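The structure under discussion appears below in the form of structure tokens.
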Amino acid sequence: MMMLNLMPTAFIFIAAAFLLLALPKGPLRAALLLLVPLVAGAQVWSLPEGTYGQFDLLGLTLDTMRVDKLSRIFALIFCIAAFLGNLYAWHVRDTVQQLAALLYAGAAIGAVFAGDLITLFIYWEATAITSVFLIWARRTEGAYHTGMRYLIIQITSGVILLAGTALLYRETQSIAFGAMTLGSLGTWLIFISFGMKCAFPLMHNWLQDSYPAATVTGTVILSAFTTKLAVYSLARGFAGTEILIYIGAVMTLFPIFFAEIENDLRRVLAYSLNNQLGFMVVGIGVGTEMALNGTASHAFAHILYKALLFMSVGAVLFRTGTSKASELGGLCRTMPRTAVFCLIGAAAISAFPLFSGFVTKSLILDETANEHYPIIWAVLVFASAGVLSHSGIKIPYFTFFSHDSGLRPKEAPVHMQLAMGITAFLCIFIGVYPDTLYALLPYEVEYRPYTMAHVVGQLQLLCFALLAFAVLMRSGIHPPEIRAVNLDVDWIYRRFLPRILGGVSTGLSQLWAGLSRALHETLESIVAFLFRVYGPDRGVAKVLPTGSMVVWIAILLGLVLVVNYI
Amino acid sequence: MDRKPADNPDSYPPLGRVLMWFTDPANANKIFGALAGICLMTFLADFTYKKYGHFAVEYIPGFYAAYGFVMFTALILAAKTLRIFIKRPEDFYGEKAIDCESYPEEELEQVGHDDA
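This is the structure we're talking about:
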């Protein structure tokens, strides 16, 4: 254990990756994938606060392990997520996916513990490079292109982070990763880099584009790390930055409309993930101790219920070959346990009392009200009803209930049920015993989520929203699930810009062809003119006889004489 | 997997048979009635305790109920309108997207519940 404590947590994952390659394919590898997050989690749990693992690189001191309450809670939930994701993926024998899952979790934990911006950058890029293989592992043409789009955006975010770090270093002579104030170009670049990974509005579409394209198990693993790493980085670097309140509020709002009409349920969950990040970003923007507690606890709870929802939809995809709402329905008959787990995830994300979302989201909502942001508060309450609509109702209802699709798949495999069962248990446990989670938060918590006003208010909001859903369904107003895609910002770089670039390149090549043709014709006419004038048998080139010269001289002399006489 | 429209509850797991009750159109009215009853109870509960809140609106009885109902309906109507503008055929992005391709079967275990 002593040896282990000296080792940066990320290195445990890297070392395990080599070990994995040495093991034969099969249960041994799958067991290693479960063991590593447990060992890493034990290390994270036992490490006292402080900075470890310092070393010098090109005259700069890198802090690879900065352990404090904020980094610890994120590292801890990352270990739990890695364990649950790997348990869910017990059946996977694909080395690429296993390595990617291991190294991706390691990189994310490494980034969370980074005490300086260079270390953060290295792990930041590592999360991008390792995670893309969870998309490519689907091994289809569509997944390849989607993975490329994902990788370009993720790598760009890292490059912007590096540029920001360089500018900040020139300004402050420091690469420490601490609280920053927006102002200089350097801090803005770092802020934008975090925002890209956090799926800020207009920079969000990589999330909805790529997560549904990953493998069944890949999406569960993807959902935990990248965006929550960005949330952690914003909380570390930009707590109390007011613009985040407004960015976060917009983030909670716009995805709920898209989620409502999206057909691919894994994409619905990606929109829903985006909306949940919005709540966390608002908490960071408010920036008080209680708000930051709200963000950290909400990230913790969110990773669990979001993974649970992705797991249940993934299990359906695993058994039926589709995750499209238009093709599903009535699966509660033969996949009842998956249905119950999905309902628990739905209740947790919708923040029903006694479920995890209720005890964490309340912290953010209350603090927004405490700090007098009435409009933001109203937006967040509305967005809470929106969460119920797509994640609370749409996902379980159109998959497991609704009309009978005629599909009669077998219940999910035992290891998937186990992973979902543990995750579902944690969602309820946190909801029933919130103090267990509150004790892990960065700051002291004095908060009671279970007051009469709170519980009744939340139940009213959710039950009446459910009633509205029932009324809309019965009256046929609720939009049906249909096979279609919906345009979003990604249309700009997937369709519009390629078209524009295509048009511009065609135009340029036509212009070039025209210009070179004109030049060619001009040159030809010049050559033809010169030929006409100087060519053989032409006027200038003619050889005149000597006699004619004498005649011309005589004429000139005669003229001179005539002029003289006059 | 073959689509089997015939319902054969005897072959379903016990929990499946319980959950199936909720999908039966004959029970839709009962479920709706129960939901409406719960809604009424949460509304009436507002009069049983001393309210506190940060904003004046929170003191109006049934504020959260009205807000939930109205905003949920508004959300659905707005999303439905949005669909008119942004809906495209599933193959809109062609081969460069996963929307039209089927998930590789070798990665899946597509088994029916009564398959041996």
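As they're listed, the protein sequences go chains V and D. Following this note's numbering, the numbering of the first sequence begins with 1 at its first residue and continues without gaps. Following this note's numbering, the numbering of the second sequence begins with 1 at its first residue and continues without gaps. The beta carbon of each residue, even a glycine, is placed where N, CA and C say it ideally should be. None of the values given here were measured: they were computed from a predicted structure.
Query: As a quick exercise: from D/A45, D/Y59, D/A74, D/D91, pick the residue whose alpha carbon is nearest that of V/A468.; Result: D/A74
Query: Comparing C-alpha positions only, which one of V/G357, V/M416, V/A465 sits nearest to V/G85?; Result: V/M416
Query: Rounded to whole angstroms, what's the CA-CA distance from V/G283 to V/G237? Just pull it up for me.; Result: 13 Å
Query: Check whether the Cβ of D/A78 lies closer than 8 Å to any Cβ atom in chain V.; Result: yes
Query: May I ask you to list the residues that DSSP assigns as paired with V/A176?; Result: V/D116
Query: Give me the residue from V/E289, V/V250, V/I364 with the minimum Cα distance to V/Y271.; Result: V/V250
Query: Whether or not the stretch 134–150 of chain V and the stretch 197–216 of chain V are in contact is what I'm after, with contact meaning three or more pairs of Cβ atoms, one per stretch, closer than 8 Å; do they touch?; Result: yes
Query: Using the C-alpha atoms, what's the distance from V/G195 back to V/G502?; Result: 30 Å
Query: What residues from chain D crowd round V/G26, counting only those whose CB sits closer than 7 Å?; Result: Those within 7 Å of V/G26 in chain D number zero; the least Cβ separation is about 17 Å.
Query: Got a sec: does the ligand NAD put a non-hydrogen atom nearer than 7 Å to the Cβ of V/M7?; Result: Absence of the ligand NAD is noted for the structure shown, with no ligands found whatsoever.
Query: Along the chain, where does the alpha helix (DSSP H) containing V/T360 start, and where does it finish?; Result: 356–370
Query: DSSP on D/P9, reduced to helix/strand/coil?; Result: helix
Query: Just confirm the distance between the C-beta atoms of V/W90 and V/A40, as a whole number of angstroms; I'd bet it's less than 8 Å.; Result: V/W90 to V/A40, Cβ: 18 Å. No contact.
Query: Just checking: is the beta-carbon of V/N486 within a distance shorter than 8 Å of some beta-carbon in chain D?; Result: yes
Query: Using only the alpha-carbon positions, how far apart do V/G106 and V/T64 sit?; Result: 13 Å
Query: Suppose you measure from the CA of D/A6 to the CA of D/E109; what does that come to, to the nearest Å?; Result: 23 Å
Query: Whose C-alpha, out of V/S391, V/L244, V/A10, is nearest the C-alpha of V/W188?; Result: V/L244
Query: Beta carbons nearer than 8 Å to chain D: which residues of the stretch 62–88 of chain V have them?; Result: none
Query: Once DSSP output is grouped into helix, strand and coil, what is the label at D/P104?; Result: coil
Query: According to the neighbour-count rule (16 or more other Cβ atoms, all chains shown, within 10 Å of its Cβ), is V/A518 buried or exposed?; Result: exposed
Query: Distance cutoff 8 Å, beta carbons only. Does D/D46 sit that close to anything in chain V?; Result: yes
Query: What is the residue span of the beta strand (DSSP E) that V/Y246 lies within?; Result: From DSSP, V/Y246 is part of no beta strand (DSSP E) but of the alpha helix (DSSP H) over 243–261.
Query: How about D/G112: is its C-beta nearer than 8 Å to some C-beta of chain V?; Result: yes
Query: Whole alpha helix (DSSP H) runs in the stretch 184–224 of chain V with 4 or more residues, listed along the chain?; Result: 185–197, 205–210
Query: Can you give me the start and stop residues for the alpha helix (DSSP H) that V/V36 sits inside?; Result: 27–46
Query: Can you give the Cα-Cα distance for V/G218 and V/A101, rounded to whole angstroms?; Result: 8 Å
Query: Using a Cβ-Cβ cut-off of 8 Å, state whether V/T95 counts as contacting chain D.; Result: no
Query: Count the CB pairs spanning the stretch 447–461 of chain V and the stretch 46–58 of chain D that are closer than 8 Å, and state whether there are at least three.; Result: yes
Query: Taking 8 Å as the cut-off, does the stretch 277–296 of chain V touch the stretch 306–313 of chain V (at least 3 CB pairs, one atom from each stretch)?; Result: no
Query: Closer than 9 Å between beta carbons: that is the criterion. Which residues of the stretch 413–426 of chain V meet it against chain D?; Result: P413
Query: Just checking: is the beta-carbon of V/T219 within a distance shorter than 8 Å of some beta-carbon in chain D?; Result: no
Query: Going by the CB atoms, is the gap between D/S102 and V/G321 shorter than 8 Å?; Result: yes
Query: I want to see whether chain D comes within less than 8 Å of V/S328, judged by CB atoms only; does it?; Result: The amino acid at residue 328 of chain V is misidentified as Ser; the sequence shows Leu. So, not an interface residue.
Query: With the cut-off set at 8 Å, would you say V/F356 and V/A348 are in Cβ contact?; Result: Rather than Phe, the amino acid found at residue 356 of chain V in this sequence is Ser. Closer than 8 Å, so yes.
Query: At a CB-CB cut-off below 8 Å, which residues of chain D make contact with V/V316?; Result: Ordered by position in chain D, no residue passes the 8 Å Cβ test against V/V316, which lies about 11 Å from the chain.
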